[in-house]
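Numbering (my numbering), first residue to last: 12 to 214.
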Ligand SMILES: [Zn+2]
């Protein structure tokens, strides 16, 4: 006699698969989350969760000036006319939030939404970089501070920015001190970031 093997039912398998869409969630964690959801979550909680998820998707736009994620056409920082005329260039919105938390930077930002990476087929045209050069001219920017991560992609992107700005005679600096080689901005603590900003060097 051949016994049939017990598996999860279809809708539960579907939920496990959904959780696996998220970065860093493997099959085991997805299974745990799905089992928690079917056993512990009330219907209102699930309805609220799906509503929150749909809302954030509906609200999310990119700032038409700096490219960060926002629910407005122009984000709060770009709308603030009292900031210093410097541009801090970062990879993503998450890095902007990290720098804002330090309270030590008072200029504007530019979110590239990616870094140049020939290995992964990402060229300058694929990221929000032309807009950066337009802004530097249009907004009378005094200094561009490149705060991309200290890995190969971050360094290549910084070099590209430096080369373009150099032709226009714009001062470009690079943060660095205290940031571990290969280190992501998102893993740096606030003191390290403040030190990195203070000790920026001309490229
Ligand atoms: Zn903005």
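Where is the CB? At the ideal position from N, CA and C, for every residue including glycine.
Considering just the uninterrupted stretch of the beta strand (DSSP E) at residue i, what are its terminal residues?
i	result
residue 122	119-122
residue 98	97-101
What is the rounded straight-line gap between the Cα of residue i and the Cα of residue j?
i	j	result
residue 175	residue 127	14 Å
residue 60	residue 29	14 Å
residue 76	residue 123	11 Å
residue 46	residue 15	22 Å
residue 203	residue 137	30 Å
residue 258	residue 18	The structure shown does not extend to residue 258, since the chain is modelled only from 12 to 214, so the question has no answer here.
residue 130	residue 54	46 Å
residue 4	residue 102	Given that the chain is displayed from residue 12 to residue 214, the structure contains no residue 4 and the question cannot be resolved.
residue 111	residue 96	16 Å
Using CA coordinates, which residue listed in the options is at the minimum distance from residue i?
i	options	result
residue 79	203, 106, 58 and 67	106
residue 91	120, 103 and 109	120
residue 143	129, 118, 100 and 182	100
residue 113	132, 208 and 185	208
residue 163	154, 184, 195 and 179	195
residue 210	185, 201 and 199	185
residue 150	118, 168 and 32	118
residue 179	145, 82 and 115	145
So the alpha helix (DSSP H) residue i belongs to, where does it begin and stop?
i	result
residue 126	No alpha helix (DSSP H) holds residue 126; DSSP gives it neither H nor E.
residue 44	38-51
residue 27	21-30
residue 204	201-209
Buried or exposed for residue i, please, with buried defined as at least 16 other CB atoms from any protein chain shown within 10 angstroms of its CB.
i	result
residue 108	exposed
residue 85	exposed
residue 71	exposed
residue 64	exposed
Name the one or two DSSP bridge partners that residue i has.
i	result
residue 72	81
residue 154	97 and 182
For a cutoff of 9 Å on Cβ pairs, would you count residue i as touching chain C?
i	result
residue 211	Here chain C cannot be found, since the structure has a single protein chain.
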